[in-house]
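Enquirer: Protein sequence lines, in the order shown, are assigned to chains H and Z.
Take the first sequence: its letters are residues 5 to 317, numbered as in my numbering.
Take the second sequence: its letters are residues 4 to 254, numbered as in my numbering.
Where is the CB? At the ideal position from N, CA and C, for every residue including glycine.
Remember, predicted model here, so these are calculated numbers, not experimental data.
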Amino acid sequence: MKYVLLAVAAVATLAAAVLLGPADVPLRDVLGSPIVWQLRLPRAVLAFLVGGALGVSGVALQALVRNPLADPFLLGLSGGAGLGAVVAIAFDLPGPWALPLAAFVGAVSAMALVYRLGLIGGAELDPRILLLGGVAVGAFAAAITTAIVSLAEATELRNAFLWLWGGFSGASWTTVLVILVYAPLPLAVLAAAARPLDLLALGEEPAQYLGADVRRLKRLVYLAASLLTAAAVAVAGVIGFVGLIVPHLCRLVWGRLHRALFPTAFLVGGTLLAAADTLARTVVAPRELPVGIVTALLGVPVFAFLLRRWTVS
Amino acid sequence: MTAPAQRVVSLLPSFTELLFAIGAGDRLVGRTAWCDYPPEALRVPSVGDGMPPNVEAVAARHPDLVVLYRSGPNITAAEQLERLGIKTVLLDLNRLEDLGPAARRLGVLTGRVASADSLAGAMDSLASQPAAPGSQSLVFIVWDNPAIVIGAGSYLDRLAALSGARNVFHDIGSPSAQVSIETIAARDPDFVAVLSDSAVPPRYAGRPEWRAVRAVRARRFLFLPGQLFGRPGPRVAEAVRELRRRLDRAP
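#1: Tell me which residues of the stretch 75-88 of chain Z have at least one Cβ-Cβ distance to chain H shorter than 7 Å, keeping chain order.
#2: Where in the stretch 125-211 of chain Z do unbroken runs of the beta strand (DSSP E), each at least 3 residues long, occur, reported from the N-terminal end onward?
#3: So if I threshold CB-CB distances at 8 Å, which residues from the stretch 281-312 of chain H count as touching chain Z?
#4: Spell out whether any CB of chain H is found under 9 Å from the CB atom of Ala-44 of chain Z.
#5: So is Asp-120 of chain Z in contact with chain H if we call contact Cβ pairs under 9 Å?
#6: For Val-69 of chain Z, report the span of its beta strand (DSSP E) as first-last.
#7: Which residues in the same chain have their Cβ closer than 6 Å to the Cβ of Ala-60 of chain Z, if we skip the five residues on either side of it in sequence?
#8: Quick one: what's got a C-beta closer than 7 Å to Ala-212 of chain H's C-beta in the same chain, skipping five residues either side?
#9: Taking its Cβ as the centre, do 16 or more other Cβ atoms sit within 10 Å of Trp-213 of chain Z, making it buried, or is it exposed?
#10: Counting only beta-carbon separations shorter than 9 Å, does Val-203 of chain Z have a partner in chain H?
#11: Measuring CA to CA, which of Z:Trp-146, Z:Leu-159, Z:Thr-91 is closest to Ala-8 of chain Z?
#12: Can you list, in chain order, the residues of the stretch 170-199 of chain H whose Cβ is nearer than 7 Å to any Cβ on chain Z?
#13: So which residues on chain H does Ala-60 of chain Z lean against when the C-beta distance must stay under 8 Å?
#14: Bridge partners for Val-92 of chain Z per DSSP, in chain order?
#15: Tell me whether Lys-222 of chain H is buried or exposed, calling it buried when 16 or more other Cβ atoms sit within 10 Å of its Cβ.
#16: Could you check which residue in H:Val-239, H:Leu-265, H:Arg-285 has the C-alpha nearest to that of Leu-50 of chain H?
#17: So, for Leu-166 of chain H: in the same chain, excluding its five sequence neighbours on each side, which residues have a beta-carbon less than 8 Å away from its beta-carbon?
#18: From this set, H:Phe-270, H:Ile-297, H:Thr-268, which residue's C-alpha is nearest Thr-282 of chain H's C-alpha?
#19: When you check each C-beta in the stretch 203-233 of chain Z against every C-beta of chain H, which residues fall closer than 8 Å?
#20: Which chain Z residues sit within Cβ distance under 7 Å of Gln-66 of chain H?
#21: Using a cut-off of 7 Å between C-beta atoms, extract the partners of Pro-26 of chain H located in chain Z.
#22: Excluding the five sequence neighbours on either side, which residues of its own chain have a C-beta within less than 6 Å of the C-beta of Arg-223 of chain Z, listed in chain order?
#23: Rounded to a whole number of angstroms, what is the C-alpha to C-alpha distance between Pro-136 of chain Z and Pro-26 of chain H?
#24: Over the uninterrupted beta strand (DSSP E) stretch that includes Ser-13 of chain Z, give me the two end residues.
#25: Please list, in chain order, the residues of the stretch 155-186 of chain Z that have any C-beta partner in chain H closer than 8 Å.
#26: By the criterion of Cβ-Cβ separation under 7 Å, what are the contact partners of Asn-148 of chain Z in chain H?
#27: Under 9 Å between the Cβ atoms of Phe-245 of chain H and Val-304 of chain H?
#28: Between the stretch 13-30 of chain Z and the stretch 236-249 of chain Z, can you find at least three pairs of beta-carbon atoms closer than 8 Å?
#29: When the Cα of Ala-188 of chain Z is compared with those of Z:Ala-150, Z:Phe-18, Z:Ala-155, Z:Pro-55, which residue comes out closest?
#30: Is there a Cβ from chain Z that is less than 9 Å from the Cβ of Gly-88 of chain H?
#31: Would you check if there are 3 or more beta carbon pairs closer than 8 Å linking the stretch 155-170 of chain Z to the stretch 168-187 of chain H?
#32: Hey, does Ile-153 of chain Z have any beta-carbon neighbour from chain H nearer than 9 Å?
#33: Buried or exposed: where does Phe-232 of chain Z fall if 16 or more other Cβ atoms within 10 Å of its Cβ makes it buried?
#34: Is the Cβ of Pro-30 of chain H closer than 9 Å to any Cβ of chain Z?
#35: Considering only the alpha carbon of each residue, which of Z:Pro-133, Z:Thr-19, Z:Phe-172, Z:Ala-208 lies closest to Glu-100 of chain Z?
#36: What does Leu-43 of chain H reach in chain Z if we use C-beta pairs closer than 9 Å?
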């Protein structure tokens, strides 16, 4: 029943995203309208896929670092992506894909650095080291970013931050295709890790005794979740709160087994982000809100409610 | 009535242009890195990009007057300069209507009242002119992802109207705003105006999502050089004529 409701919500949200918008598209023209085919539909699909990816990535990272406050962007990825984006603009890298590609490279570099820090001295991706390393690498990248912005003579740099704040303005079938080609591999790796992740929740030693290869598991999950988030950054910038809230919501409704958490987090994340983007496009029309603002406005109250429940019980 | 300022630092390209236009250019002892017009301005030492102002670099020019654009960081900088005993003036300059009063104020401060009044008079009458007749429409796109366009709060909106072209985002009150590509496509402007010194179509023109906008698809771009169109200034009448000429020449 809960699954049926979720499926209905997902379909209804996608339908609303396609039907609502600032341009007047009569209902009978929806299927033939270029506005729908070239703008609304790819944008709705992209928002759904990115939301799904962030939801799944959030579930995986929270399980990995065994910390409910973990967010896919916590481990330095947003700082790295920001640095990449600013470098692309400051050095005027050519081509329409320069900015997203540079953001992706920045995010992956930051991830690699945190990963390397997490292995120092045989730490074996100790959650505490990962979190601290993520904060440090993120702050370092942010410092370099700010230095470039204040020293370079390009007014466009201000706009790099607008891009970073996240959004689906640049959605097209090409960006949808990028995610569709890219996401299945990390998603499959995570799906395969569902059972061992359940064991990891018991603690690293018990998981080891119960037959999980904890070392390999942590490395694979870390890389898959981070690469998934980096792809989301490349096509949509840094969108906060989805990766933080969705895992909590899903655990509340579907329990703690990752076999159920991964698919539901994908659908809940997708539905939430597609809905948030529809609101961002329509509530202040003709203007548009950055979608990250909508997710934060929706996410923080939900989060506060969850925290309350969590501390009461 | 205090004595006219003798050593002026201008922290906005528009003010630099206005000071030269009223014949007070020889009083300038500091400018921003962006002040590139008139050519004589380049001989004045630069005090940096002015965003935010480097208070020490400004003070090192020993000015008796610093002219700043009214904005958050500039208000702080002005307070710091005042504490150093340097007189500052904060002026608004967003809309065409702000040009006349700014010119008059600068005229009083530099003792060039007569020429400032005649320049201000010309700009006031331009600013109060009704929109020129014309059926063409345009959108100013300042950034593509997210799409940022110019609204009625910017001098560019009025500049377009005076040239006989309607800004399709005239209903947005602020100087600029984020909008969706869908809204731009729905409003279907005849032209896309781009502030650019070269006539190379912007990068986003090749992206599939932008092809939903007719003017982008048809490559109907108006390239407006930043020096003339990037800021309101004494040459605004020239800017209006130039935009009109480009609209007429467009296919």
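Expert: On the basis of the supplied data:
#1: none
#2: 139-147, 150-153, 168-170, 179-181, 194-198
#3: Arg-285, Ala-289, Pro-290, Arg-291, Glu-292, Leu-293, Pro-294
#4: no
#5: no
#6: 68-72
#7: Val-50, Gly-51
#8: Position check: residue 212 of chain H holds Gln in this sequence, whereas Ala was assumed. For Gln-212 of chain H, where only same-chain residues beyond five positions count, the Cβ hits under 7 Å are Val-218.
#9: buried
#10: no
#11: Z:Thr-91
#12: Gly-171, Ser-173, Gly-174, Ala-175, Ser-176, Trp-177, Thr-178
#13: The contacting residues do not exist; Ala-60 of chain Z stays about 14 Å from chain H at best.
#14: Z:Val-70
#15: buried
#16: H:Val-239
#17: Pro-294
#18: H:Ile-297
#19: Arg-206, Tyr-207, Gly-209, Arg-210, Pro-211, Glu-212, Arg-214, Ala-215
#20: Those do not exist, as Gln-66 of chain H stays about 30 Å from chain Z at its closest Cβ, beyond 7 Å.
#21: Ser-183, Glu-185, Thr-186, Ala-189
#22: Phe-194
#23: 28 Å
#24: 11-13
#25: Phe-172, Asp-174, Ile-175, Ala-180, Gln-181, Val-182, Ser-183, Ile-184, Glu-185, Thr-186
#26: Trp-167, Ser-173, Gly-174
#27: yes
#28: yes
#29: Z:Ala-150
#30: no
#31: no
#32: no
#33: buried
#34: no
#35: Z:Pro-133
#36: Ser-183, Ile-184, Glu-185, Ala-188, Glu-212, Ala-215
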